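K.L.:
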Amino acid sequence: MIDKGSMSICPLMLIRVAGLPLTWLDQLSDRWPDEIGHADSRKSALMNAFDDALEALPVSPLRLEIYNARKVFFQRGKVPGPGLRSQLAGQPDVPALLQLLQMLEAAEQEQVARNFEQGYETAMQREWHTLQKAASETSLLRALLFASHDLLDRLPAFASKHPRDFDKKDRRVGLALLRYLTRAVTKTSPLSRFTTISVQAIEEGNTSADMPDLEKIQVTPNVALLPAIYEVLLREQAFTRHLPLRLNPCITASGQSRWLYFDGDQESFQQLEQHPVAERVIDMMLGHQRSMPFSVLLGKLVEQVDAGAQQLELFLQELIDLGLLEWELPEKGLSPAWCGNLYQHLGFLQDQPEAIVRTAELLQWLRVVARTIPHQSLEEARRAQDETFQKLQHFFGENHSVMPPVSVEQVFFEDVEAHAESQIPANVIENYVKDLAACWQERANGVYSTMHARIFSFALRTIEDGETYDFLDFCERFISENPSETSPLPSTSKPAKIGALLQPFMDENGTYRAVVNGLFPGGGKLFARWWHLFPESQRGKLKNWNESVAFPWQGWSNANFQPPTPAGVLEVPDGRTDSGGKRFLLGHLRLLRRGDDVALVDGITGEMVELTDLALEAFSLRPPVMQVLWCLGVPYCSLQALVHTQMDWDIKGDGWRSRRRIEYGTLVLMRATWEIEREVFAAIAAAKRDADRFRACRQVLTRLGVPRRFFARPPGEKPQYFDRDSPLLMLLFGKLLRQDRWPLLLTEMLPVPGHALVKKGEPRAAEFVLEFAL
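Using the working numbering, the letters of the sequence shown correspond one by one to residues 67 to 840.
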């Protein structure tokens, strides 16, 4: 921990580095004339000529026509047609106006258009050739193994054909490749080799350029397969006989008959009518620290209940199906080693029926393929993925199960750790954090997400000051009533730790700056996902950073990989997090209101229960009660709290508005943004040829003040990189416009290529993950 007075900084930073260098973008652009500048000068000259003509001519029909033409030109930029020019031909008093109109017509219809079209065709051919060269780029092709086999198969034919012979399918392949290429250059969210990660100690400062350019590649089977594999195993007595059962963590005492249950799809509250055998089961489990092997529990029931063993076994299975009892699975699926761990567990089983043997063989196959793919050729790795996919289909078919909806590209995931050379001194990193901490202290009060606001508003109406309220009762009421009220809240809870995603850069004045891409509750969230790639020496520096209880519910996703946390765990139905520390039960959890604040406390000890979510899965993808738990237990921390009061739009004209860049000290809190409706691009839709559309696109974007490099996205989509100097990228932009999904959101690219501060051979787009405590 780096101590900076009242603030401490996590000693490690995670650097997420784009898979391809920024120089790739320069190969997809050309120099074009400043048509807008020329047009503005011509417009000024023509307006002066109109004014001179109006002053020189007496009141007459011609003067009225010139007046109207001037008005139309001023408002809509429309140059008068040949009718006015023919009338001016016989007027010696206005030669300048006639001459300018003739020059504008000639420039518009002949020379400018012809030269522009020639330049467009030349640039387009060159950019297609650039894409064809990229079709053999090793990092890109290896990344496509885990993204798109269809595109991978089509690239050889695309690369071998001359661009002038392209048909519609070839162009579609090229544009698909262009999307992946620009993603690998500009995006910093890790995905295979499209983005790699590097972990470094902040105090190391500038890392040496002499360090070896080594990569650590780990391929891991998709853990989404694990619940379906468990479905096969849980049918086998050889697997379940000695497997522990645990009592639902909502049940905390004898006589309780209500609990929360999640079956993998639906979440519900269950209520058990009075049942003496079920009550006996609850008492037994409570008397054995809430956990007991299935066979032991069954044996005790046989001894104490007047019923046959088979009947009681079916009854226990019914309690499992209802969620009163839960299997304690041998592998939780929160580690990249899940496949090997389960394989080893199966190897220790005394009985080995056919289904167990087949499952062990499948797990061993997955392990071996995952280990060998990084060392195989592209063709060999592709065959291994195909064979594995076929084996999975066969396995689930012969075991009468449904294979999870996993594509062949997603059977395995690839993580890549690679050294990156940071050119940022440690004191600059510390200054970023100081500015961010100061900005957070000055944030607006009462800024929450809509879900947070609904929950806290309901809690403040439901709970008296100083009182506690049962968490499960609160959730049942909240979900049942589904309140929409989001009354203003006076304060935003202070998180113990804050995490930030920063993109550092050096501006044109030589000043270190950074764009804040996002904030999140600290505690090691993003470090946890790639923990398995870190050297042991680096892990030790993070050991004591997280002091909160781990958020207890995670979906079956590789994005949720995380190490055990030492602080403790909150046990919830279907929860899989593990810990060597304190254990809290959901059934003991209560809400405590103190003034305008609401917090979670343990009903037995009175301890505050603050949660740290180490997973990358969005909380909105979790079951309803777990969403409420997340909002109440995980401190709210969002970039929205810093920019909320500065996000007003500036209405610029019909169909569009913009928002300026928001800055604080060395930080850019929000990039400049444009929101655009369909009518703004009407001129582009009316253009007949690609060159005309490209030209119209450039003119519209320039008039709106959109910079050369920008990102655009329609509603619900991820941003895509564009460059108005690239005919190929503007062709892709035109396809985006034709989707007819509005409004379109455009954002400036920042940092731009020349400002990059991280190198991996060549300058790369990079994002730093930092955490600090106030």
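Here a beta-carbon is modelled for each residue, glycine too, at the ideal position from N, C-alpha and C.
Since we're looking at a predicted model, the values are computed, not measured.
Straight-line CA distance for THR792 to ILE268?
P.N.:
Strictly speaking, residue 792 in this sequence is Ser, with Thr absent from that position. Distance between the alpha carbons of SER792 and ILE268 is about 38 angstroms.
K.L.:
Could you pull the DSSP bridge partners for TRP90 from this structure?
P.N.:
TRP90 pairs with nothing; no bridge assigned.
K.L.:
Any chance you could list the alpha helix (DSSP H) runs of at least 4 consecutive residues sitting entirely within the segment 382 to 420, in chain order?
P.N.:
Listed in chain order, the complete alpha helix (DSSP H) runs (minimum 4 residues) inside the segment 382 to 420 are 404 to 413.
K.L.:
Under the assumption that VAL581 contacts LEU812 (Cβ atoms under 8 angstroms), give the Cβ distance between them as a whole number of angstroms.
P.N.:
VAL581 to LEU812, Cβ: 16 angstroms. No contact.
K.L.:
Given that a residue counts as buried once 16 or more other Cβ atoms are within 10 Å of its Cβ, and exposed if not, what is ASP216?
P.N.:
ASP216 comes out exposed.
K.L.:
Per the contact definition of three or more C-beta pairs closer than 8 angstroms, is the segment 284 to 303 in contact with the segment 487 to 507?
P.N.:
Contact between the segment 487 to 507 and the segment 284 to 303 is absent, because fewer than three Cβ pairs lie under 8 angstroms.
K.L.:
With 16 other CB atoms within 10 Å as the buried threshold, where does LEU854 fall?
P.N.:
Nothing about residue 854 can be read from this structure; the chain reaches only from 67 to 840.
K.L.:
Taking the beta carbon of SER603 as the centre, do at least 16 other beta carbons fall within 10 Å, making it buried, or is it exposed?
P.N.:
The residue in question, SER603, is exposed, as its Cβ has fewer than 16 Cβ neighbours within 10 Å.
K.L.:
Let me know the secondary structure DSSP gives VAL734 once reduced to three states.
P.N.:
Residue state, collapsed to three classes: strand.
K.L.:
Specify whether the segment 637 to 648 and the segment 395 to 407 touch according to this definition: at least 3 beta carbon pairs, one from each stretch, less than 8 angstroms apart.
P.N.:
Contact between the segment 637 to 648 and the segment 395 to 407 is present, because at least three Cβ pairs lie under 8 angstroms.
K.L.:
Do three or more CB pairs link the segment 445 to 455 to the segment 323 to 341 at distances below 8 angstroms?
P.N.:
Too few Cβ pairs lie closer than 8 angstroms, so no.
K.L.:
Assign LYS253 to buried or exposed, taking buried as 16 or more other Cβ atoms, counted over all protein chains shown, within 10 Å of its Cβ.
P.N.:
Answer is buried; the Cβ neighbour count reaches 16.
K.L.:
Using 8 angstroms as the Cβ pair cut-off and three pairs as the minimum, do the segment 428 to 439 and the segment 195 to 204 touch?
P.N.:
Counting Cβ pairs under 8 angstroms, fewer than three are found: no touch.
K.L.:
Using the three-state DSSP reduction, which class does VAL615 fall into: helix, strand or coil?
P.N.:
DSSP places VAL615 in strand when its eight states are reduced to three.
K.L.:
Within a Cβ cutoff of 7 angstroms, which residues of the same chain sit near PHE586, ignoring the five residues on either side of it in sequence?
P.N.:
Result list for PHE586: GLY565, CYS703, in chain order.
K.L.:
Where are the alpha helix (DSSP H) runs, 4 residues long or more, that stay fully inside the segment 108 to 144, in chain order?
P.N.:
DSSP runs (the alpha helix (DSSP H)) wholly in the segment 108 to 144: 127 to 142.
K.L.:
Short of 8 angstroms in beta carbon distance, which residues of its chain neighbour PRO561, apart from the five on each side in sequence? Order them along the chain.
P.N.:
The residues are PRO587, GLY588, PRO701, TYR702, CYS703.
K.L.:
Can you round the beta-carbon distance between VAL734 and MET79 to whole angstroms, since I take them to be within the 8 angstroms contact cut?
P.N.:
Not really, about 19 angstroms apart at Cβ, beyond 8 angstroms.
K.L.:
What is the C-beta distance between SER95 and ASP789, in whole angstroms, given that I count them as a contact (C-beta under 8 angstroms)?
P.N.:
That belief holds up - the Cβ atoms of SER95 and ASP789 are roughly 5 angstroms apart, short of 8 angstroms.
K.L.:
Does the segment 515 to 530 come close enough to the segment 590 to 608 to have 3 or more Cβ pairs within less than 8 angstroms?
P.N.:
No: fewer than three Cβ pairs fall under 8 angstroms.
K.L.:
Can you tell me where the alpha helix (DSSP H) with LEU218 in it begins and where it stops?
P.N.:
Taken as a continuous stretch (DSSP letters only), the alpha helix (DSSP H) holding LEU218 covers 215 to 226.
K.L.:
Taking the straight line between their C-alpha atoms, what separation do you get for GLU533 and LEU658?
P.N.:
Near 6 angstroms, if we compare the C-alpha coordinates of LEU658 and GLU533.
K.L.:
What residue ranges within the segment 804 to 831 form continuous beta strand (DSSP E) runs of no fewer than 3 residues, ordered along the chain?
P.N.:
Entirely contained in the segment 804 to 831, the beta strand (DSSP E) runs reaching 3 residues are, in chain order, 810 to 814, 824 to 826, 828 to 830.
K.L.:
Give me the Cα-Cα distance between GLU841 and VAL694, rounded to the nearest whole angstrom.
P.N.:
Any property of residue 841 remains undetermined from this structure, which presents the chain solely from 67 to 840.
K.L.:
With burial defined as no fewer than 16 other Cβ atoms inside 10 Å of the residue's Cβ, what is the status of GLY621: buried or exposed?
P.N.:
Classification for GLY621: buried.
K.L.:
Can you tell which of TRP611, PHE627, GLU783 has the C-alpha that lies nearest to the C-alpha of LEU802?
P.N.:
Looking at the Cα atoms, GLU783 is the closest of the given residues.
K.L.:
Using CA coordinates, which residue listed in GLN628, VAL667, MET674, MET692 is at the minimum distance from ASP640?
P.N.:
Measuring from the Cα of ASP640, the nearest candidate turns out to be MET692.
K.L.:
Can you list, in chain order, the residues of its chain with a C-beta nearer than 8 angstroms to that of SER72? Leave out the 5 residues immediately preceding and following it.
P.N.:
Excluding residues within five positions, the ones whose Cβ falls inside 8 angstroms are LEU840.
K.L.:
Here's the rule: buried if 16 or more other CB atoms are within 10 angstroms of the residue's CB, otherwise exposed. What is LEU680?
P.N.:
Its Cβ being crowded by 16 or more others within 10 Å, LEU680 is buried.
K.L.:
To the nearest whole angstrom, what separates the beta carbons of ALA832 and ALA84, a pair I think is in contact under 8 angstroms?
P.N.:
ALA832 to ALA84, Cβ: 7 angstroms. Contact.
K.L.:
Between which two residues does the alpha helix (DSSP H) harbouring GLY353 extend?
P.N.:
It spans 342 to 353 - the alpha helix (DSSP H) in which GLY353 sits, taken as one unbroken run.
K.L.:
Looking at the strands, I want to know which residues DSSP matches up with TYR535.
P.N.:
Per DSSP, LEU657.
K.L.:
Tell me which same chain residues have a C-beta within less than 7 angstroms of the C-beta of ARG356, skipping the five on either side of it?
P.N.:
Excluding positions up to five away in sequence, the list reads ARG312, LEU313.
K.L.:
For PHE212, I'd like the list of residues in its chain whose CB is within less than 6 angstroms of its CB, leaving aside the five on either flank, ordered along the chain.
P.N.:
If we look at PHE212 and ignore the five residues flanking it on each side, its Cβ neighbours are SER258, GLU475, GLU480.
K.L.:
Whole angstroms is fine: what's the gap from PRO293's alpha carbon to GLN303's?
P.N.:
Roughly 17 angstroms separates the two Cα atoms.
K.L.:
Cβ of GLU741 within 8 angstroms of Cβ of ARG723?
P.N.:
The answer is yes: Cβ separation under 8 angstroms.
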